[in-house]
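Residue numbers (my numbering): 9 to 213.
A virtual CB, placed ideally from N, CA and C, is assigned to each residue, including glycine.
Treat the numbers as computed from the prediction; the structure is a model and nothing was measured.
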């Protein structure tokens, strides 16, 4: 295969995964901000709206993270990226091929270390979001068997995925992504929104 075509395939895949990571990160940040205030008395007049946004963002973050970490064959994911890099590097010079394949194996091991969180999130996805089985009606108590998720855990793992993706973006001539910048902007906009909510719901606060 033409090296240029190899790079195009990997670059296109990287851009797709980067977009998915950004959307997952954004949904996670919104959910994290709302998680901290959703039950606060001062937000009671806006609770229905905020709860709806919170639920939608939780679902989006869970589904996005599940897609990124999917191990289904040929499904676009981080694992598919690593496999494609290993496969396409077979056409490269020996030293470069061995280097890329070594990094790919290291990154696969990093993904394995994230498996407990991945498994827990997949249970939430399969039993509480993605499936509409009769068990939801017949035996609702059997639906949620997953452990509660600490809101900090997905954030840490998404940052690790950023570092992994940035490694390959650099290798294939793409610029780095910086989730931290989105987090800073989100925090600033949340403070502004929080002020507006308090001023309009409770003018005296």
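Cβ distance (whole Å) where residue i is taken to contact residue j below 8 Å
i          : j          : result
residue 86 : residue 76 : 6 Å
Cβ pair residue i, residue j closer than 8 Å
i           : j           : result
residue 130 : residue 90  : no
residue 40  : residue 159 : yes
residue 62  : residue 37  : no
residue 84  : residue 132 : no
residue 118 : residue 187 : no
Chain-order list of residues whose beta-carbon lies under 8 Å from that of residue i (same chain, five-residue window excluded)
i           : result
residue 202 : 45
residue 169 : 29, 76 and 86
residue 92  : 17, 18 and 21
residue 34  : 190 and 194
residue 31  : 68 and 72
residue 125 : 157, 161, 162 and 165
residue 122 : 77, 165 and 168
Same chain, Cβ closer than 7 Å to residue i, five either side skipped, listed in chain order
i           : result
residue 213 : Confidence at residue 213 is low in this model, with a pLDDT of 41, below 50, so the placement of that residue is unreliable and no value is reported for it.
Could you tell me whether the region 162 to 180 touches the region 17 to 24, using the rule of 3 or more Cβ pairs below 8 Å? The answer is yes - the region 17 to 24 touches the region 162 to 180, with three or more Cβ pairs under 8 Å.
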